[in-house]
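Just so you know, the numbering used here puts 159 at position 170 of the sequence shown, and the rest follows in order with no gaps.
Have a look at the structure below, then the notes.
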Amino acid sequence: MAEAAGEDSSAAKQCLEHLQYLNDYWMNEDLWWSWSDFGCRAAAHLLSCNFEGVIPTTNHLESFNGVLEHKHLVCWQKGGRRLCVDILIHILATKVLLSIFEQCHFKNQEEEHWKQHICELLGGEALLKSGTGIGMTPTLTVAYISQDVSRDAAAADLLNRNFISLPTFHEGGVMFNCYSSLKTQYEVQHLVYGVCLGYNGLVKCSCQDYTTRLNVCKHIHASLLKLDALHQHGVNFPHIPVPISESEACLLQAQIITFAPALSRLNTFMEAQESPITRTAAVVEDFFTETPAAFVEEPQDTTSTEEQEAWNDMESIATDAEDEFDFSVLKSSSKAGLDVQSFARLAYEL
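Structure, rendered in structure tokens:
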């Protein structure tokens, strides 16, 4: 019994030492970003490849070191002794590197050989062209501000007509209610869009222009103008860095790790503010507003409630399906992660 207790105590002590090592050297924030999914997504953006194409470990480097040591250098060692530096450099430059380039050359020749055979088949050339670049560029799901004079004028008009509410501050961002630009005093129930501006630069609107084309619509732009006006009057609030180009949007998307609870609470709040009748009216109004040709079509049957409910269901699905994003802030610091990793490795070896 005493021996078993001693073995258990020794195993527990070693386990605690290993956990302490992991916590001290590998669990600080910058270093965690460098080996987590966040680092893989950032690398996928920089390499213009899909997420699965990023190698998450250094196994390929360790494999190369093993081949170099046990295949190339062992042929030149005498009695297992280490090579002199000048001989090692000579072998690397004249033998190892040449064999690597030769292998790459043969591999490219083989790929070209197979491509020629595929092109000789019926439809082979079209198949090769269709496969070029598949999965290389991640699909952009982050909206950014583009140059649009008509949208800017419409946003300024919404602000001048006081169609933007005062902001409501939440955990992950700022929320606005924006009246429709077609609002009149004769309406019993005014159409209101919900706008969310995240502190990390992610924005969202419940209008059809955003949900279908992922544009920074006039409602989002008017909300940003409202924040600027409040800031000029001395109201302090965090800066919202909305991307102003596609490259910035891609970089922001690469920094996102899905932690849905923060935004899901905002989405739930937005949906609670809109009744089914309001959402149905929003879809119909957006349809006529965004499609001028619709005015010359045959009139819609306004008595068909089943059709309106179908449109309402479509709006809910288009708004909710895989459209949740996170308002949590996760800063990118690849250089800091590399520096911390190098220092941690050096400290461990010392």
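Think of the CB as a built atom: it goes at the ideal place given N, C-alpha and C, for glycine as much as any other residue.
As the structure is a prediction and not an experimental result, all values here were calculated from the model.
Residue nearest to residue 211 in terms of C-alpha spacing, selected from 241, 134, 161: Looking up residue 211 in the sequence shown gives position 222. Ranking the options by Cα distance to residue 211, first place goes to 134.
Of the residues 186, 196, 103, the one placed nearest residue 161, counting alpha carbons only: Stepping through the sequence shown from its first residue, residue 161 is reached at position 172. The candidate whose alpha carbon is nearest that of residue 161 is 186.
Coarse secondary structure for residue 72, derived from DSSP in three states: As a first step, residue 72 must be located in the sequence shown, where it is residue number 83. DSSP places residue 72 in coil when its eight states are reduced to three.
Among 229, 26, 36, the one whose alpha carbon lies nearest that of residue 191: Numbered from 1 along the sequence shown, position 202 holds the residue referred to as residue 191. Cα-wise, what sits closest to residue 191 is 229.
The stretch 140 to 150 contacting the stretch 224 to 241, beta-carbon criterion three pairs below 8 angstroms: no
Three-state class that DSSP yields for residue 152 in the structure shown: If you number the sequence shown from 1, residue 152 lands on position 163. Three-state result, residue 152: coil.
Min CB distance residue 144 to chain D below 9 angstroms: Considering every chain present, this structure includes no chain D. It has just one protein chain.
Range covered by the alpha helix (DSSP H) that runs through residue 215: Within the sequence shown, residue 215 is the residue found at index 226, counting from 1. Segment 207 to 221, the alpha helix (DSSP H) holding residue 215.
Residue 181 versus residue 146 - alpha carbon distance: Walking along the sequence shown from the start, residue 181 turns up at place 192. Walking along the sequence shown from the start, residue 146 turns up at place 157. For residue 181 and residue 146, the distance between alpha carbons rounds to 16 angstroms.
Contacting residues, own chain, Cβ-Cβ under 7 angstroms from residue 30 (five flanking each side not counted): Taking the sequence shown and counting its residues from 1, one reaches residue 30 at position 41. Around residue 30: 40, 243.
Identity of the residues DSSP links to residue 187 by a beta bridge: Along the sequence shown, one-based indexing puts residue 187 at 198. DSSP output for residue 187 lists 162 as bridge partner(s).
Rounded separation between residue 136 and residue 82 - CA only: Against the sequence shown, residue 136 aligns to sequence position 147. Against the sequence shown, residue 82 aligns to sequence position 93. About 53 angstroms.
For residue 96, the first and last residue of its enclosing alpha helix (DSSP H): Numbered from 1 along the sequence shown, position 107 holds the residue referred to as residue 96. Counting along the chain, the alpha helix (DSSP H) containing residue 96 begins and ends at 86 to 108.
Test item: CB-CB of residue 207 and residue 144 under 9 angstroms: Translated into the one-based positions of the sequence shown, residue 207 becomes position 218. Translated into the one-based positions of the sequence shown, residue 144 becomes position 155. Going by C-beta atoms, residue 207 is nearer than 9 angstroms to residue 144.
Exposure label - residue 53; buried when at least 16 CB within 10 Å: Residue numbering aside, residue 53 sits at position 64 when the sequence shown is read from its first letter. Counting Cβ neighbours within 10 Å, residue 53 comes out exposed, since fewer than 16 surround it.
C-beta atoms of residue 205 and residue 188 nearer than 9 angstroms: The residue given as residue 205 occupies position 216 in the sequence shown. The residue given as residue 188 occupies position 199 in the sequence shown. Not a contact, by the Cβ cut-off of 9 angstroms.
Integer-rounded CB distance, given that residue 85 should sit under 8 angstroms from residue 57: For this step, residue 57 is matched to residue 68 along the sequence shown. For this step, residue 85 is matched to residue 96 along the sequence shown. About 7 angstroms separates the Cβ atoms of residue 57 and residue 85, confirming a contact at the 8 angstroms cut-off.
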